[in-house]
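Visitor:
Numbering (my numbering), first residue to last: 68 to 389.
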């Protein structure tokens, strides 16, 4: 039994894997104990007064801390959902437009007096979309958010809710990444899919939208979910760049407030919010696995490549029917 990339391990390899695991696990546990737990314990980071506001319901700050976290996570999820939806819609449009412009690149538009203008428009569109993708994808997210927050008000575009600056900045960056993911997914499909669509009378746009895009979306779903996780984590930049009160920004505010009361609660607070991010992202990954399994059930099973014997049998059957 073998996989696509490598053969299944033999008895010797399996034995070495077991031995390595038996040796590695105690070594990892010892490293965590001596290099993480002991230094934190010696610094008093496990004292009850530091963790009380987080885990002790009788603590005077417990309700306030979790109320603030609730507000922060509500803001985080709201900005993340809006950014994800906007990025998926705009990214899908970018992928379809870039594919259509590539299909129109070699068309001569015979019989049209405006053919040179149309061809020039196609070339200009390809250059503009390619340039937009390269600029937006190559610019750091922090720079994009700072540009949106500082420049849009100068242009007369301002919002009372700072969440919209965060959503616009994240959408600008992630939409082009999602667009390239979907475009590469459509380019990776068998050419016969597009040829079959053209054979039944669909034009290039209809072929891309009706035939190629749904298949590419299903194939590239793991990569899309990974980008969704990136969007969720990047909402934390809103607290740094535009003072948006998302989960990490709220945590930072609480740490500063406790520091003012001579309570160094930074490590417990940041550790707790980090665990929350891990739980949310793990839930997203499990949702992605569930969706991928459901979509694969709806898809067509791959057809085995015909052999010479099956072709001969089919030809013989056709001759008998004739």
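From the three backbone atoms N, C-alpha and C, an ideal C-beta is built for every residue, glycine too.
#1: Using 8 Å as the threshold, is the C-beta distance between residue 42 and residue 212 below it?
#2: Going by DSSP in three states, residue 311 sits in which element: helix, strand or coil?
#3: Using beta-carbon positions only, say whether residue 107 and residue 113 come within less than 8 Å of one another.
#4: Note down, in chain order, each residue of its chain lying with its Cβ closer than 8 Å to the Cβ of residue 264, except the 5 sequence neighbours on either side.
#5: Alpha carbon to alpha carbon, how far is residue 218 from residue 232?
#6: Please report the residue range of the alpha helix (DSSP H) in which residue 76 lies.
#7: Is the distance from the Cβ of residue 320 to the Cβ of residue 241 below 8 Å?
#8: Residue 159 lies in the alpha helix (DSSP H); which residues open and close that run?
#9: For residue 207 and residue 201, I'd like the C-alpha separation in whole angstroms.
#10: Using beta-carbon positions only, say whether residue 126 and residue 119 come within less than 8 Å of one another.
#11: With a 10 Å radius around its C-beta and 16 neighbouring C-beta atoms as the bar for buried, classify residue 311 as buried or exposed.
#12: From this set, 341, 239 and 223, which residue's C-alpha is nearest residue 205's C-alpha?
#13: Closest to residue 318 by C-alpha separation, out of 299, 328, 333 and 304, would be which residue?
#14: Near residue 131, what residues of its chain come up, given a Cβ to Cβ distance below 6 Å and the 5 sequence neighbours on each side ignored?
#15: What separation, rounded to the nearest whole angstrom, lies between the Cα atoms of residue 115 and residue 316?
#16: Which same chain residues end up closer than 6 Å to residue 243 when comparing Cβ atoms and leaving out the 5 residues on each side of it in sequence?
#17: Considering Cα atoms alone, identify which of 216, 128, 151 and 163 is closest to residue 252.
#18: Report the three-state DSSP secondary structure of residue 262 (helix, strand or coil).
#19: Can you confirm whether the region 300-314 touches the region 142-158 when touching is taken to mean that 3 or more C-beta pairs between the two stretches lie within less than 8 Å?
#20: Report the option in 196, 171 and 142 whose CA atom is closest to the CA atom of residue 161.
#21: If you measure between the beta carbons of residue 269 and residue 158, is that distance less than 8 Å?
#22: Quick one: what's got a C-beta closer than 7 Å to residue 129's C-beta in the same chain, skipping five residues either side?
#23: Which class does residue 112 belong to by DSSP, given the choice of helix, strand or coil?
#24: Tell me the DSSP secondary structure of residue 119 in three-state form.
#25: Please identify the residue among 326, 306 and 329 whose C-alpha is closest to the C-alpha of residue 139.
Guide: A quick look at the data gives this:
#1: Residue numbering for the chain in the displayed model covers 68 to 389; residue 42 lies beyond these limits and cannot be assessed.
#2: Against the chain shown, residue 311 aligns to sequence position 244. Here DSSP, grouped into helix, strand and coil, assigns residue 311 to coil.
#3: Here residue 107 refers to the residue found at position 40 of the chain shown. Here residue 113 refers to the residue found at position 46 of the chain shown. Yes; because the gap between Cβ atoms is below 8 Å, this pair is in contact.
#4: Start at 1 with the first residue of the chain shown, and residue 264 comes out as number 197. Contacts found: 273, 274, 277, 278 and 279.
#5: Taking the first residue of the chain shown as 1, we reach residue 218 at position 151. Taking the first residue of the chain shown as 1, we reach residue 232 at position 165. The straight-line gap from Cα to Cα measures roughly 10 Å.
#6: If you number the chain shown from 1, residue 76 lands on position 9. Premise fails: residue 76 is in no alpha helix (DSSP H) and is neither H nor E.
#7: Within the chain shown, residue 320 is the residue found at index 253, counting from 1. Within the chain shown, residue 241 is the residue found at index 174, counting from 1. Not a contact, by the Cβ cut-off of 8 Å.
#8: Your numbering for residue 159 matches position 92 in the chain shown. Membership of residue 159 in the alpha helix (DSSP H) is indicated by the continuous run 129-171.
#9: To locate residue 207, count along the chain shown from 1; it is residue 140. To locate residue 201, count along the chain shown from 1; it is residue 134. A straight line joining the alpha-carbon of residue 207 with that of residue 201 spans about 12 Å.
#10: Start at 1 with the first residue of the chain shown, and residue 126 comes out as number 59. Start at 1 with the first residue of the chain shown, and residue 119 comes out as number 52. Result yes, Cβ atoms of residue 126 and residue 119 sit closer than 8 Å.
#11: To locate residue 311, count along the chain shown from 1; it is residue 244. Buried.
#12: Your numbering for residue 205 matches position 138 in the chain shown. Looking at the Cα atoms, 239 is the closest of the given residues.
#13: Position 251 of the chain shown, counted from the first residue, corresponds to residue 318. Answer by Cα proximity: 333.
#14: Counting from 1 along the chain shown, the entry for residue 131 is found at position 64. There are no such residues.
#15: Here residue 115 refers to the residue found at position 48 of the chain shown. Here residue 316 refers to the residue found at position 249 of the chain shown. Approximately 24 Å, taken between the alpha carbons.
#16: To locate residue 243, count along the chain shown from 1; it is residue 176. 200, 203 and 204, listed in sequence order.
#17: Here residue 252 is taken as the residue at index 185 of the chain shown, counted from 1. The candidate whose alpha carbon is nearest that of residue 252 is 163.
#18: In the chain shown, residue 262 corresponds to position 195, counting from 1. In this structure, residue 262 counts as helix in the three-state DSSP scheme.
#19: Touching, per the Cβ criterion.
#20: Counting from one through the chain shown, the residue named residue 161 turns up at place 94. Considering only alpha carbons, the answer is 196.
#21: Here residue 269 refers to the residue found at position 202 when the chain shown is read from its first residue. Here residue 158 refers to the residue found at position 91 when the chain shown is read from its first residue. Cβ atoms of residue 269 and residue 158: not closer than 8 Å.
#22: Start at 1 with the first residue of the chain shown, and residue 129 comes out as number 62. Excluding positions up to five away in sequence, the list reads 120 and 123.
#23: Locating residue 112 in the chain shown gives position 45, counting from the first residue. Note: residue 112 maps to coil in three-state DSSP.
#24: Within the chain shown, numbered from 1, the residue matching residue 119 stands at position 52. Helix at residue 119.
#25: Along the chain shown, one-based indexing puts residue 139 at 72. Taking only the C-alpha atoms, the option nearest residue 139 is 306.
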